[in-house]
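Chemist:
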Amino acid sequence: MGLKRNEWSISFQSRIGPGWIEPFTDKELVSLAEKGIERLDVVCPAFVTDNLETLEEMNMQGRETFLKLEENHLITYLV
11 MGLKRNEWSI
21 SFQSRIGPGW
31 IEPFTDKELV
41 SLAEKGIERL
51 DVVCPAFVTD
61 NLETLEEMNM
71 QGRETFLKLE
81 ENHLITYLV
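For any residue, its number in the numbering used here is found by taking its place in the sequence shown, counting from 1, and adding 10.
1. Can the beta-carbon of Ser21 be found closer than 8 Å to that of Glu44?
2. Give every residue of the same chain whose Cβ lies closer than 8 Å to the Cβ of Glu17, excluding the five residues on either side of it in the sequence, and list them in chain order.
3. Check Val89 in the structure and name its three-state DSSP category.
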C-alpha cells in the first residue's frame, strides 16, 4: 500500500478471557482519535465464518467508538 511505518498500526479484537493479544482495537480507535487522526481505514483479515462477527464489531461498535470522539471518518474492510 506504500504506507510509512508511522501511517499504520495493528490491533486485535474479540478478546476472550485474560491475557489476550494487545493492543485491543477498541482502545486503539480511541487512542488514534485522541492523537488527532480524522480519517481511518480499517482492514480486517478474518476467517470466513468470522465475517459477520467482525462486521458487527468493527463496522458498528468500532465506528461508534471512533466517530463519537471527533468529526472523524471510518471505513471498514473485510478481506
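Idealized CB from N, CA, C, for every residue including glycine.
Modeler: In short, the structure shows the following:
1. no
2. none
3. Any reading at Val89 must be qualified, since the residue scores a pLDDT of 47, below 50, and its modelled position is unreliable; the value itself is stated next. In this structure, Val89 counts as coil in the three-state DSSP scheme.
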